[in-house]
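Protein chains in written order, with my numbering: chain A, 1 to 290; chain B, 291 to 580.
Think of the CB as a built atom: it goes at the ideal place given N, C-alpha and C, for glycine as much as any other residue.
Source: prediction; values computed, not measured.
Working notes, structure below.
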DNA sequence: TGATTCGTGCAACAAATGTTTCATGGTCGT
DNA sequence: ACGACCATGAAACATTTGTTGCACGAATCA
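Here is the structure:
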């Protein structure tokens, strides 16, 4: 018989399900409901949990067209594989010409970036913020496009902890700063692929000095994440376009600053108010209108 | 030493990585980079792909505190297990006190920012990008926290138009730049409430000189938007927290750069490739591994 | 330099895996 | 009611799994 539906192993299973023997339906439903366990745990394990015979799983796989349970599991595994290299979720980008091509590009970019933000780990940020709160001193490093993120973080943190926060390499030779890292201090390194040598050097110096290392990167495998106490991941390549996206990194930086401020309590609030008062006195800002 | 982060097996791995033997570092990096395969495929399979000895995986697991590879894999599997559902879509977060208050704050912030991005007008950005493409010269101004966005935009635009893009006030007194604006040039001013006097002065100088003024702001009523040829709006106050959010402004800047690059066609592409080749020759980046 | 420790690959091991076979019990058709 | 057929569970099968003992080589320290 020629079966058409070749979409996903799970839908193949669902389609074939009603025409299967009773016991095979049971295990079939179990697999469909626990497909993550199906890809990770062993057949006998699943059988024990489903209260079925191990052989039933092999028979199920063969019944829906696979050579055996291994083949079915391989298909399920591939179906579940996270897609690092598929930036475009549903959307067959038509890359059409015309005046609307640019608008479509922008819309896609914004949507992709919006989708990437909720995937940032709030727990990791909260932990890192606690480390920042405890740090006697905070160093921040970012190069090339990441420098902008580093500078924002530096700016916001300095609003309420002015003399304890410093960008690496701005007030003199960079090596001077690298040698100044101490235990009890925190070093934040921001970077994504391709990684600059400078950022890796900062991370290694921080690790070597025993300082708390916080890496903001696009991959857990980033070289500056090695030995880091905290790694905050964002998706740099998620959005279409030619340059990697920094939206995620910036969102992390802002959240980090916000939570650190929150942890600072009334003392931090007081410092912030002082800073704002000073800026207002220097008439930095345009006077507000009614 | 007090080790806090017991969170994920991946971070345990990362922390222990630098103190491990050479070969174990290799497989450790491989596992970190391919953790999904690590949970699904067999140890020997991974060893073959990583070009390492199977025994190295067992030793790695034991080196970071697990009883064996199976235990490590089980931990990775649990870490990767999909959350049963996401009941948080409608955000009925209880904003309770305690250790989770920070996490809730971050999650709210990220969600709000993600929601704000699609509200950015793609049409306005496309129009502004066309103006940038036509400009003989591009000036960029941003102060205080907006400086980071200005610098990123400057950086990305200079990747393919190096001698026509310039930040206002970095190469000498700012007034010098303000007097240099000419018709046919474009001036981008980034700012939100409260508005700095400096940014307003730049906008007025641009308007007075007959240059194309592009304002990136949080409101159509922003003073630097007066007389602007293009106004690109983002939501600075949309997210909870103490500092206004720059995510929207950054997204606008990135889209602006991407579309301008796209309009530049092959010439822009050629310039970008030249720049990248130069950076690679200067060994700015860490060499990629196979 | 010599002794020792440590890291590493290879090969053999026991345990666990998926598969197959076989015997049993039930169902359907004639 | 008898035989053919099929679903089902248990046990035996060959493979593959993760692990460990062992030998060799490099680095370390006296």
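Next on the checklist: When you measure from the CB of residue 336 (chain B) to every non-hydrogen atom of the ligand ATP, does any distance come out below 7 Å?
Outcome noted: For the ligand ATP, the structure offers nothing, since it holds no ligand at all.
Checklist entry - the stretch 110-122 of chain A: which residues have C-beta closer than 7 Å to a C-beta of chain B, in chain order? => result 110, 111, 113, 114, 117, 118, 120, 122
Item to check | Cβ-based burial, residue 461 (chain B) [other Cβ within 10 Å; buried from 16] | outcome: exposed
Next on the checklist: Cβ closer than 8 Å: which chain A residues qualify as neighbours of residue 348 (chain B)?
Outcome noted: Per Cβ cutoff of 8 Å: no residues; residue 348 (chain B) is ~18 Å from chain A at best.
Checklist entry - Taking buried to mean at least 16 other C-beta atoms within 10 Å of its own C-beta, is residue 570 (chain B) buried or exposed? => result exposed
Checklist entry - Does the separation of the CB atoms of residue 355 (chain B) and residue 302 (chain B) fall below 8 Å? => result yes
Next on the checklist: Within a Cβ cutoff of 6 Å, which residues of the same chain sit near residue 596 (chain B), ignoring the five residues on either side of it in sequence?
Outcome noted: Because chain B is modelled from 291 through 580, residue 596 (chain B) falls outside the range shown and cannot be assessed.
Checklist entry - For residue 545 (chain B), which residues of its own chain have a beta-carbon under 7 Å away from its beta-carbon, when the five flanking residues on both sides are left out? => result 415
Item to check | residue 476 (chain B) beta carbon less than 8 Å from that of residue 422 (chain B) | outcome: yes
Checklist entry - In chain order, what residues of the stretch 190-206 of chain A put their CB closer than 7 Å to some CB of chain B? => result 194, 195, 196, 197, 200
Checklist entry - Hey, quick one: how far does the beta strand (DSSP E) through residue 454 (chain B) stretch, first residue to last? => result Premise fails: residue 454 (chain B) is in no beta strand (DSSP E) and is neither H nor E.
Checklist entry - For the stretch 143-224 of chain A, which segments carrying the alpha helix (DSSP H) assignment without a break, of at least 4 residues, lie completely within its bounds, in sequence order? => result 146-158, 174-178, 197-209
Item to check | 8 Å contact criterion, which residue 310 (chain B) and residue 353 (chain B) should meet: CB distance rounded | outcome: 6 Å
Item to check | C-beta neighbour in chain A for residue 533 (chain B), strict 8 Å | outcome: yes
Next on the checklist: Below 8 Å on C-beta distance, what does residue 441 (chain B) contact in chain A?
Outcome noted: 147, 148, 151
Checklist entry - Can you tell me whether residue 472 (chain B) is buried or exposed, with buried defined as 16 or more other CB within 10 angstroms of its CB? => result exposed
Item to check | Inter-residue spacing [alpha-carbon to alpha-carbon] between residue 333 (chain B) and residue 363 (chain B) | outcome: 10 Å
Next on the checklist: Taking only three categories from DSSP, how would you classify residue 576 (chain B)?
Outcome noted: coil
Checklist entry - For residue 68 (chain A), which residues from the same chain have a beta carbon less than 7 Å from its beta carbon, with the 5 sequence-adjacent residues on both sides left out? => result 58, 61, 62
Checklist entry - Is the shortest distance between the beta-carbon of residue 545 (chain B) and the beta-carbons of chain A less than 8 Å? => result yes
Next on the checklist: Which residues in chain A have a C-beta closer than 7 Å to the C-beta of residue 326 (chain B)? List them in chain order.
Outcome noted: 81, 82
Checklist entry - Can you tell me the Cα-Cα spacing of residue 586 (chain B) and residue 420 (chain B), whole angstroms? => result Residue 586 (chain B) lies beyond the residue range present for chain B, which begins at 291 and ends at 580; the question has no answer from this structure.
Checklist entry - Relative to the alpha-carbon of residue 156 (chain A), which residue among B:551, B:400, B:539, B:535 has its alpha-carbon at the smallest distance? => result B:535
Next on the checklist: With a threshold of 8 Å between beta carbons, is residue 308 (chain B) in contact with chain A?
Outcome noted: yes
Checklist entry - Out of curiosity, what's the CA-to-CA distance linking residue 208 (chain A) and residue 200 (chain A)? => result 12 Å
Checklist entry - In chain order, what residues of the same chain have a beta carbon less than 6 Å from the beta carbon of residue 515 (chain B), not counting five sequence neighbours either side? => result 505, 507, 521
Checklist entry - If you compare alpha carbons, which of A:260, A:278, A:158, A:151 is closest to residue 393 (chain B)? => result A:260
Checklist entry - When the distance is taken between beta carbons, is residue 459 (chain B) closer than 8 Å to residue 467 (chain B)? => result yes
Checklist entry - In this structure, does DSSP put residue 569 (chain B) in helix, strand or coil? => result helix
Checklist entry - Beta-carbon separation of residue 194 (chain A) and residue 455 (chain B) under 8 Å? => result no
Checklist entry - Between the beta-carbon of residue 39 (chain A) and the beta-carbon of residue 14 (chain A), is there less than 8 Å? => result no
Checklist entry - Can you tell me whether DSSP reads residue 52 (chain A) as helix, strand or coil? => result coil
Item to check | Extent of the continuous beta strand (DSSP E) run through residue 232 (chain A) | outcome: 230-233
Checklist entry - Among the residues of its own chain, which have a CB less than 7 Å from the CB of residue 500 (chain B), if the five just before and after it don't count? => result 473
Next on the checklist: Distance cutoff 8 Å, beta carbons only. Does residue 478 (chain B) sit that close to anything in chain A?
Outcome noted: no
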